[in-house]
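Numbering (the working numbering), first residue to last: 16 to 579.
Structural data, given as structure tokens:
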């Protein structure tokens, strides 16, 4: 017989888990004792927050769960940010944590125990709010079976984070050779099947698309989750559709393509919003249509009374959730889109010209500005110049991601990912390290100075694990988005002192550069991309450039009367 911890690590190998991201502590140490003898690579960053984001980013990029592990109180607190992002952003992840129990002492004024008993913390209650499913097994057999189910549920249906809380004694107990009930093969037990839409629903959707004069596809994060890029392009071609994306759907379709019209929503392109408003048929694929995506329900934007809405989603609860749908295509986005391609086609004669007009919103005079400090529009334009099909941009929360969303025109699929499930600051840096580790591609992380400072320890992790992302700091020495929210009010807590991020980078073993001129920024990006060590580019941007004046907040005024 062998211990539960030994068998758990063997299971991770059997399930082809590539990475465990975590921090040793509590009874999770039992796993860390066995991992060096396995084929699973352990990435130990500087804290559980960074580890959780790295695991989430891995799941988002690959469609397969990595493992997040560590001591229960810290996985449930510091590590919650990656789990929340995974839950709302549909990224698979398996969390193996523990309750820090010490046997009979768990009821005696406990210290770190988090099983939920009197006097302690309640990790189950925390996980109930941030995990898709969770288990708290008490025996070796329950622990192994629960872990199998965690891997199964992490990818079944709408992906998300699942968690197993390891019991203090069960993790070190021996697993019976012939347990009752029996343990099944991990590969067989974790097998899943992709759902697909019914033939009748496919026929109804095909009929609507073939008869549409102005068909538009709204591509969301579900296309990323399903890897349905080719199928999305095929449907757009087959039915002569214009293609817009949600924020999380950015780079599901190349924004340089002739059918691309941009990103919708209150922080999206006004051209893309107008295209949606003018459509007679909307095919929404893997997008929940959250308030920002829908311009806070602006009456002129999406109109179920005079537009045909086809909603494809892996979760039947999402189809028709925000707007009543005429047809629901319930299934994996890849299967649903493939079914539409196989079943029909049409020609609207509207999409190409209209999409070309919409793409004009990707540029502005400030994109070519030579002024100093650097205009953020120019910064986004320079970042775009170094992005190709083998480059990934990770964008943080705040103004920085909206400048990129608006002015970075993605040249290929899978070239842009942003914090937008829950939208936490500090996401971009650990996500970039994870992307560099797991894809081998060039990676550019973009954050404001506020978000960068939250997880700048990720630079040290990159150095330690031998990857070389370029970390861009769009620095206005403030929380720019919050500072700009009310021009008439003085908001407390939005100003920072000027941190020397160049010295920070050098202290971590990376290269640091401060730039204030656009041409110097362009050179720093090129040098960073070519470097074999991490490079931090502290780019000083014009703090007086206001995001709200640039983006589609004017949509309400510009199209509000078109369909009254």
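Even glycine gets a Cβ: it sits at the ideal position worked out from N, Cα and C. Predicted model only: the values in this text are computed from it and were never measured.
Going by DSSP, residue 512 is part of no beta strand (DSSP E) at all; its letter is neither H nor E. When rounded, the separation of the alpha-carbon atoms in residue 242 and residue 349 is 7 Å. In the displayed model, residue 470 falls within coil according to three-state DSSP, outside both helix and strand. Below 8 Å, too few C-beta pairs join the segment 190-210 and the segment 44-54 to call them touching: fewer than three.
Here the C-alpha atom of residue 29 lies approximately 7 Å from the C-alpha atom of residue 201.
Assigned with DSSP and collapsed to three states, residue 326 falls in strand. Residue 417 sits in a helix when the DSSP states are folded into three classes. One alpha carbon belongs to residue 245, the other to residue 251, and they sit about 10 Å apart. Just measuring C-alpha positions, the residue of 308, 266, 134 sitting nearest residue 285 is 308.
Inter-residue distance for residue 134 and residue 128 is about 9 Å (C-alpha atoms, whole angstroms). Remark: fewer than three beta-carbon pairs, one from each stretch, lie closer than 8 Å, so the segment 322-331 and the segment 405-416 are not flagged as touching. Residue burial is scored here from C-beta neighbours: residue 226 has fewer than 16 other C-beta atoms within 10 angstroms and is therefore classed as exposed. Residue state for residue 176 is assigned as strand, using DSSP reduced to three classes. Per DSSP, residue 155 is not a residue of any beta strand (DSSP E); the alpha helix (DSSP H) it occupies stretches across 155-170.
Around the beta carbon of residue 177, a 10 Å sphere encloses 16 or more other beta carbons of the protein chains shown; the residue is thus reported as buried.
Within 10 angstroms of the beta-carbon of residue 125 lie 16 or more other beta-carbons, which makes it buried. Look at the beta carbons and you see the segment 271-283 touching the segment 254-263: at least three pairs across the two are nearer than 8 Å.
The DSSP assignment places complete beta strand (DSSP E) segments of no fewer than 3 residues inside the segment 378-443 at 406-410, 431-433, in order along the chain. In the three-state reduction of the DSSP assignment, residue 85 falls in the strand class, which pools E and B.
At a Cβ-Cβ threshold of 7 Å, residue 65 and residue 101 do not count as neighbours. For the pair residue 63 and residue 122, the Cα-to-Cα distance works out to about 27 Å. Scanning 491, 45, 506 for the CA closest to the CA of residue 497 turns up 506. The three-state secondary structure of residue 236, taken from DSSP, is helix.
A residue is called buried once 16 or more other Cβ atoms fall within 10 Å of its Cβ, and residue 515, having fewer, is exposed.
For the pair residue 543 and residue 485, the CB atoms are nearer than the 7 Å cut-off.
Where residue 345 is concerned, the enclosing beta strand (DSSP E) starts and stops at 342-345. Bounds of the alpha helix (DSSP H) holding residue 44 are 44-49.
For residue 293, same chain residues with a beta-carbon under 7 Å away, outside a window of 5 residues either side, are 229 in chain order. Contact between residue 108 and residue 74 holds: CB atoms are separated by about 5 Å, below the 8 Å threshold. Residue 553 is bridged by DSSP to 488, 529.
Judged by pairs of C-beta atoms under 8 Å, the segment 431-441 touches the segment 412-421, as three or more such pairs exist.
Shown here, residue 111 sits in a strand according to DSSP, grouped into three states.
Counting along the chain, residue 460 sits inside the beta strand (DSSP E) bounded by residues 457-463. Linking residue 182 to residue 439 through their CA atoms gives a straight-line distance of about 31 Å.
In the DSSP assignment, residue 27 falls within the unbroken alpha helix (DSSP H) covering 19-29. Here the segment 329-347 makes no contact with the segment 359-370; the two share fewer than three CB pairs at distances below 8 Å.
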